[in-house]
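Undergrad:
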């Protein structure tokens, strides 16, 4: 006898189905199924755990970062330019008697000061000049009564100049001597890891000379589980020969760019090289390293380091390591004994190079990753992964709890399942945070999403009120899109279900320049008011042009057009919004100046192209975002505005789609960070009736750009000087003048293609 439909607990049945579906999806991810954005969100939640835990003190003052900072760029630019400059720095550091000097860099090819054939000619000319001014041989005396011939003074002067040039060409030898004399230098190496089947080499690659000094102390055989590499960029043998050791400077970048994991051991051609941080930790402790290839376990002395496939999670401290400037070292401003017995990590710390996002700093210096690893290894600080089994067990247990909340005894009060589910989620989040503070990383979001999904399904089946879909859509989108768009979504709900759909969109990124400096000068409460005063009008301008607010990233605004519903002229609307933002900033700056606050500038990057629009979150709330190369290029364009001294940069597709309502200037061809293909970038100058650059100015610029790309640098410079006379404050003009001066001092080689390499994100 079956159960009558009226007696069947449909919310409970639906909750069981939802719980089973969530569990199956989690088991199949990643691999069988792909849950878009789940891993990225989990990593973001890990960052929140760091911030909730708060900074921890540096427990080891031996770890010191030697920064190649802006002061070094001003006082000792030769360190950035020549091997001889590096030799001076290493020699200066060596005189302080450190325990080790770890270089977060490598010298993979010979220094090229002059083309090779010209360098050979200079050496030959120097030798010939020396022979010409050498005194005559004893067996050929001058004629009786005649004085010995004197070489022409010009020849002696030319010989001295040629000898100086020859000496400058010995930069690699001077650096090799400095490395060998210091006796404590550990060189970095960048391994190119196997990420796909095509990367697997046909024959085992050889380990370059010098990297054997970075091999693990003992490797126990078995099927290797360490990350494998198919090639490596390392210091050339003549320099590496005198080093005390070496190590990999690799770290993994998560999809959001964060650096959270580091491989401790990397396999190349059957040989295992340790991370630079592990090499330095071994030098500090005097203990050997060991690698069990079959299990991926790595040990330092008697301690086994918690790792997964020879990879560790970094436990960032949130407090700065002791630092000194390389300029102060070279100038002798570091007191004797301050660096004695220290582990010195030398890396780039100036404003525009080698930055990585960390949980505490979105623009941390890359060398901090290695300093953090050394600290973690010396003080048992690396985080431990809970493992797939524990994570799946937690999800199953919490899913059962959420299902039991749909029993009739609980649902007698309609609000109770929702409140109880919220309490269960809070309890789980608290437990995850508690475990994290004890060094164990447990996945937070899959159980939370499961509880939310089970509760939402149960509530939907139990309630199913009239108009619930429209109310939900209005609530989900009211803060992100304009009222007109909301009503179009309500009228056609299918327009909002875009999960994973590929379509052409326009994305806009805007950011306050120098916001870190402003945030440091204001108390938290005043900073919040400042941000609200800025973000409110900027957000309203996006909505007024039928854009969608994707997210706020601190002071940055990310918006998109043509999703979740069609906006045919999306490129033009984004460009108009950027100009509106600049107009709205002027009265804000006047108000802030009157209040004693700093005025600000913003940079805006806009790009149009195919993107994947994803529906992130749960059925209770849609949170749209976009993915794809076109999105990344938009973000890079925003970063480039500062380098070119302009307010708005757009991509080529945006320029083509925006139409004649705007004036654009092609600035350059750029190879952005992380991409091999160069792209054309354009400055959004303004609307035709408002621009300061005349048609003659733009024609002058176009002639300059054609001459520059045609390697006619003199003609390009002449056009730029004409433009600089009319517009002395024009940012791109000043940038290209400086670039041409640099090219004149360091002529480009035959392979130069006129493409600018973006140095930082």
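Numbering (this note's numbering), first residue to last: 320 to 1080. For glycine and all other residues, C-beta sits at the position ideal for the given N, C-alpha and C.
Please classify residue 871: is it buried, with 16 or more other beta-carbons within 10 angstroms of its beta-carbon, or exposed?
TA: Position 552 of the chain shown holds residue 871. Counting Cβ neighbours within 10 Å, residue 871 comes out exposed, since fewer than 16 surround it.
Undergrad: DSSP state of residue 931, grouped into three classes?
TA: Residue mapping note: residue 931 aligns to position 612 of the chain shown, counting from 1. If DSSP states are grouped into helix, strand and coil, residue 931 belongs with the strands.
Undergrad: If you draw a straight line from the alpha carbon of residue 355 to that of residue 947, how long is it in whole angstroms?
TA: Translated into positions along the chain shown, residue 355 becomes position 36. Translated into positions along the chain shown, residue 947 becomes position 628. Going from the Cα of residue 355 to the Cα of residue 947 covers about 13 Å.
Undergrad: Does the stretch 904-918 come close enough to the stretch 886-894 to have 3 or more Cβ pairs within less than 8 Å?
TA: Result no; under three Cβ-Cβ pairs closer than 8 Å.
Undergrad: Name the DSSP beta bridge partners of residue 1003, please?
TA: Position 684 of the chain shown, counted from the start, is the residue given in the question as residue 1003. Answer is 983.
Undergrad: Alpha carbon to alpha carbon, what distance is there between residue 690 and residue 641?
TA: As a first step, residue 641 is located in the chain shown; it is residue number 322 there, counting from the start. As a first step, residue 690 is located in the chain shown; it is residue number 371 there, counting from the start. Taking the straight line joining both Cα atoms gives about 10 Å.
Undergrad: Which stretch, first to last residue, makes up the beta strand (DSSP E) that contains residue 610?
TA: As a first step, residue 610 must be located in the chain shown, where it is residue number 291. Counting along the chain, the beta strand (DSSP E) containing residue 610 begins and ends at 608-611.
Undergrad: Going by other Cβ atoms of all chains shown within 10 Å of its Cβ, with 16 needed for buried, is residue 1051 buried or exposed?
TA: The count along the chain shown starts at 1 and reaches residue 1051 at position 732. Residue 1051 comes out buried.
Undergrad: Could you pull the DSSP bridge partners for residue 1076 from this structure?
TA: Taking the chain shown and counting its residues from 1, one reaches residue 1076 at position 757. Answer by DSSP bridge pairing, in chain order: 990.
Undergrad: Who are residue 880's beta bridge partners in DSSP?
TA: Here residue 880 is taken as the residue at index 561 of the chain shown, counted from 1. For residue 880, which the question treats as bridged, DSSP gives the partners 825.
Undergrad: Is it buried or exposed for residue 440, if we count other Cβ within 10 angstroms and need 16 for buried?
TA: Position 121 of the chain shown, counted from the start, is the residue given in the question as residue 440. Classification for residue 440: exposed.
Undergrad: Reducing DSSP to helix, strand and coil, say where residue 511 ends up.
TA: Along the chain shown, one-based indexing puts residue 511 at 192. In this structure, residue 511 counts as strand in the three-state DSSP scheme.
Undergrad: Just grab the DSSP bridge partners of residue 534 for me.
TA: In the chain shown, counting from the first residue as 1, residue 534 sits at position 215. The partner list for residue 534 (beta bridge, DSSP) reads 592.
Undergrad: Find out if the Cβ-Cβ distance for the pair residue 589, residue 523 is shorter than 8 Å.
TA: As a first step, residue 589 is located in the chain shown; it is residue number 270 there, counting from the start. As a first step, residue 523 is located in the chain shown; it is residue number 204 there, counting from the start. Yes; because the gap between Cβ atoms is below 8 Å, this pair is in contact.
Undergrad: Roughly how many whole angstroms lie between the Cα atoms of residue 509 and residue 723?
TA: Within the chain shown, the letter at position 190 stands for residue 509. Within the chain shown, the letter at position 404 stands for residue 723. So the two alpha carbons sit approximately 52 Å from each other.
Undergrad: According to DSSP, is residue 1053 part of a helix, a strand, or is it coil?
TA: Residue 1053 sits at position 734 when you count from the first residue of the chain shown. Correct three-state label for residue 1053: helix.
Undergrad: What's the call for residue 827, buried or exposed, on a 16-neighbour Cβ count within 10 Å?
TA: Position 508 of the chain shown holds residue 827. By the 10 Å Cβ count, residue 827 comes out buried.
Undergrad: Assuming residue 566 contacts residue 507 (C-beta within less than 8 Å), just tell me the rounded distance between them.
TA: On the chain shown, residue 566 is found 247 positions in, with the first residue counted as 1. On the chain shown, residue 507 is found 188 positions in, with the first residue counted as 1. At roughly 7 Å, the Cβ-Cβ gap stays under 8 Å, so residue 566 and residue 507 are in contact.
Undergrad: How about the stretch 627-644 and the stretch 578-588: do they share at least three Cβ pairs that are nearer than 8 Å?
TA: The stretch 627-644 vs the stretch 578-588: in contact.
Undergrad: Is the stretch 391-406 touching the stretch 644-659 in the sense that three or more CB pairs, one from each, lie closer than 8 Å?
TA: The stretch 644-659, when compared against the stretch 391-406, does touch it at the 8 Å Cβ threshold.
Undergrad: Find out if the Cβ-Cβ distance for the pair residue 983, residue 1009 is shorter than 8 Å.
TA: Counting from 1 along the chain shown, the entry for residue 983 is found at position 664. Counting from 1 along the chain shown, the entry for residue 1009 is found at position 690. The answer is no: Cβ separation not under 8 Å.
Undergrad: With distance defined between alpha-carbon atoms, name the residue in 997, 382, 980 nearest to residue 662.
TA: Mapped onto the chain shown, residue 662 falls at position 343. Ranking 997, 382, 980 by Cα distance to residue 662 puts 382 first.
Undergrad: By how many angstroms is the C-alpha of residue 707 removed from the C-alpha of residue 761?
TA: Taking the first residue of the chain shown as 1, we reach residue 761 at position 442. Taking the first residue of the chain shown as 1, we reach residue 707 at position 388. Those two C-alpha atoms are separated by around 9 Å.
Undergrad: Quick check on residue 1022: does DSSP put it in helix, strand or coil?
TA: Reading the chain shown from its first residue, position 703 is the one you call residue 1022. Helix.
Undergrad: Using only the alpha-carbon positions, how far apart do residue 756 and residue 372 sit?
TA: Mapped onto the chain shown, residue 756 falls at position 437. Mapped onto the chain shown, residue 372 falls at position 53. Using only the alpha carbons, I get a separation of about 7 Å.
Undergrad: If distances are taken between C-alpha atoms only, which option among 713, 949, 698 comes closest to residue 821?
TA: The residue labelled residue 821 in the question sits at position 502 within the chain shown. Of the listed residues, the one whose Cα sits closest to residue 821 is 949.
Undergrad: Which whole-angstrom value describes the C-beta separation of residue 1016 and residue 1045, a residue pair presumed to lie in contact below a C-beta threshold of 8 Å?
TA: Position 697 of the chain shown, counted from the first residue, corresponds to residue 1016. Position 726 of the chain shown, counted from the first residue, corresponds to residue 1045. 6 Å between Cβ atoms; contact.
Undergrad: Inspect the CB distances between the stretch 770-777 and the stretch 715-732 and report whether three or more fall short of 8 Å.
TA: Because the criterion of three Cβ pairs below 8 Å is met, the stretch 770-777 and the stretch 715-732 touch.
Undergrad: Please determine, among 491, 825, 374, the residue with the shortest C-alpha to C-alpha distance to residue 431.
TA: If you number the chain shown from 1, residue 431 lands on position 112. Residue 491 is the option with its Cα nearest to residue 431.
Undergrad: Classify residue 644 as helix, strand or coil using the three-state DSSP reduction.
TA: Here residue 644 is taken as the residue at index 325 of the chain shown, counted from 1. It is a strand residue.
Undergrad: I need the DSSP call for residue 961, collapsed to helix, strand or coil.
TA: Along the chain shown, one-based indexing puts residue 961 at 642. Helix at residue 961.
Undergrad: In whole angstroms, give me the CA-to-CA distance for residue 784 and residue 330.
TA: Here residue 784 refers to the residue found at position 465 of the chain shown. Here residue 330 refers to the residue found at position 11 of the chain shown. Only weak support is given to the placement of residue 784: the predicted model assigns it a pLDDT of 44, under 50, and the value that follows is read from those uncertain coordinates. Going from the Cα of residue 784 to the Cα of residue 330 covers about 14 Å.
Undergrad: Based on the DSSP output, what are the partners of residue 505 in its beta bridges?
TA: As a first step, residue 505 must be located in the chain shown, where it is residue number 186. In DSSP, residue 505 forms a bridge with 421, 564.
Undergrad: Flag this pair as yes or no: are the beta carbons of residue 879 and residue 927 separated by less than 8 Å?
TA: Reading the chain shown from its first residue, position 560 is the one you call residue 879. Reading the chain shown from its first residue, position 608 is the one you call residue 927. Result no, Cβ atoms of residue 879 and residue 927 do not sit closer than 8 Å.
Undergrad: With DSSP collapsed to three states, give me the class of residue 623.
TA: Position 304 of the chain shown, counting from 1, holds the residue named residue 623. Strand.
Undergrad: Can you tell me which residues form a DSSP beta bridge with residue 389?
TA: Position 70 of the chain shown, counted from the first residue, corresponds to residue 389. Beta-bridge pairing links residue 389 to no other residue.
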